[in-house]
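So the structure is just underneath, and the comments pick up after that.
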Amino acid sequence: MNRVTGRKLRSSGRRGSHLDGVLQGVTMDIWCGNISERRVYSKEESVERLLSPGKPSSEPQIDIRAAAIELGFVSDDREYNQRLRDVAIALVKRQLESMCTPESDLLQMVESLDDLNVAINLLEERLYEWSLFYGMRCRGEELARALSEREGIGVVARSLLELIRARKDMEGLLESRAKELAPNLSSILGPVLAARLISRAGGLERLARLPASTMQVIGAERALFRHLRGKAPSPKHGLIFRHPLIQSSPKRLRGRIARALAAKLAIAARIDLYSGTLDQKLAESLNERVLQIRNKATKGRKEDK
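With numbering that gives the first Met the number 0, letter number 25 in the sequence shown gets 24, and the count goes up by one each step, no holes.
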């Protein structure tokens with residue numbers, strides 16, 4: 000848009016003067032109107048024109064403000080500025096609406112779940128300290144229920160119970176959305192951990208473009224930077240450390256299992272991005288690979304003895 004094929008349009012300071020001569024050979028739109036038809040666009044038409052893809056042009060650009068005033072699209076600078084502001088706000092709103100996708104919802108759910116966890120932990124600690132005056136010996140949700148009817152402390156207890164219920168609801172919704180968006184990642188990692196990995200990578204498309212070696216250490220950026228500065232060994236895993244296959248394995252095997260897991264995650268992310276169909280064989284092959292690693296390690300230890 001805002002392209003000209005012909006002579007450059009210049010403002011004469013008198014609206015409508017010598018336009019016939021100036022507009023010969025000019026075929027273009029500007030954001031507020033069509034020069035060829037001399038038609039003013041509505042706000043909605045301007046937004047549509049600005050959002051539509053255009054071909055690049057090597058022709059010189061015109062003075063759009065002067066052209067809009069000279070052609071009668073606006074009466075003066077003040078009206079031009081006001082129309083430009085209205086269209087810019089409408090354009091941003093349209094772009095924000097287009098960004099509201101199932102993936103963006105999933106990322107916001109992950110952040111919201113983390114915020115809920117922080118709030119719950121803070122209230123749990125406050126409630127526990129307060130409950131010591133009452134000689135209570137329980138914690139968490141049990142403590143909140145026991146104190147929910149008391150005056151004063153009951154306000155905190157009831158708020159904590161509400162937040163705990165909100166967290167459960169958010170976790171259920173997050174699991175459902177993760178399974179829809181990334182069925183293979185959810186099958187391997189579990190829905191919540193899969194959603195966290197997608198969120199940390201900045202989206203499913205970005206995650207799918209990463210090599211397995213990068214997926215392996217997502218979430219361990221600080222340890223990786225310390226390693227690059229020569230102050231720490233290379234990290235073996237990041238977020239995927241929470242996976243049961245890694246946590247339940249001996250420390251000496253976690254690096255190899257993390258590599259095997261990351262390799263399957265790289266495949267799973269690409270399948271989720273480009274087809275979205277669940278492949279049950281991925282999880283099965285991962286379990287087989289982990290079993291091979293464990294058996295090989297066990298056999299090697301027996302031979303050493």
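Each residue gets a CB set at the ideal place from its N, CA and C atoms; glycine is no exception. All of these numbers come straight from a predicted model, not from anything done at the bench.
Leu-264 versus Pro-243 - alpha carbon distance: 15 Å
Extent of the continuous alpha helix (DSSP H) to which His-226 belongs: 220-227
So which of Glu-110, Ala-259 and Glu-43 has the shortest CA-CA distance to Leu-290? From the listed residues Glu-110, Ala-259 and Glu-43, the smallest Cα separation to Leu-290 is found for Ala-259.
Helix, strand or coil for Val-306? Go by DSSP, reduced to three states. Outside the modelled stretch of the chain, which goes from 0 to 304, sits residue 306, for which no answer is possible.
Could you tell me which uninterrupted alpha helix (DSSP H) segments, each at least 4 residues in length, are contained entirely in the stretch 105-167, listed from first to last along the chain? 139-146
Looking only at its own chain, which residues have a Cβ that is under 7 Å from the Cβ of Tyr-127, when we skip the five neighbours before and after it? Arg-138 and Leu-142
Can you say whether Lys-230 is buried or exposed, counting buried as having 16 or more other CB atoms within 10 angstroms of its CB? exposed
How close, in whole Å, do the beta carbons of Pro-182 and Gly-275 come, if the pair is a contact with beta carbons under 8 Å? 7 Å
Specify the secondary structure class of Arg-38 as computed by DSSP and reduced to three states. strand
If the criterion is Cβ atoms closer than 8 Å, does the pair Gly-171 and Arg-199 meet it? Taking 8 Å as the cut-off, the beta carbon of Gly-171 is found no closer than this to the beta carbon of Arg-199.
Would Ile-270 be called buried (16 or more neighbouring beta carbons within 10 Å of its own) or exposed? buried
So, with DSSP's three-state summary, where would you put Ile-68? helix
Quick check: Asn-120 and Arg-166, are their CB atoms within less than 8 Å of each other? no
Would you decide whether Pro-234 is buried or exposed? Buried here means 16 or more other CB atoms lie within 10 Å of its CB. It is buried - the Cβ of Pro-234 has at least 16 other Cβ atoms within 10 Å.
Please state the DSSP three-state secondary structure of Ile-29. strand
Determine the contact status of Arg-176 and Met-108, defining contact as a CB-CB distance below 8 Å. yes
Within the stretch 166-224, note down every full alpha helix (DSSP H) run reaching 4 residues or more, in order along the chain. 182-188, 190-200, 203-207 and 211-215
Cβ-Cβ distance between Val-216 and Gly-202 below 8 Å: Cβ distance not < 8 Å, so Val-216 and Gly-202 don't count as in contact.
Under the assumption that Leu-105 contacts Ile-245 (Cβ atoms under 8 Å), give the Cβ distance between them as a whole number of angstroms. Actually they are not in contact, since the Cβ atoms of Leu-105 and Ile-245 sit about 24 Å apart, beyond 8 Å.
Hey, could you find the ends of the alpha helix (DSSP H) Arg-258 is sitting in? Annotation for Arg-258: the continuous alpha helix (DSSP H) segment containing it runs 253-273.
On the DSSP letters alone, give me the boundaries of the alpha helix (DSSP H) that Ile-245 sits inside. 243-246
Coil, strand or helix - Ser-57 by DSSP: Because Ser-57 carries a pLDDT of 47, less than 50, the predicted location of this residue cannot be relied on, and the following value inherits that uncertainty. In the structure shown, Ser-57 sits in coil (DSSP, three-state: anything other than H, G, I, E or B).
Excluding sequence positions up to five away, which residues of its chain have a Cβ less than 8 Å from the Cβ of Glu-102? Leu-180, Ile-197, Gly-202 and Leu-203
Under a Cβ-count criterion, where at least 16 other Cβ atoms within 10 Å of its own Cβ denotes burial, should Asn-294 be classed as buried or exposed? exposed
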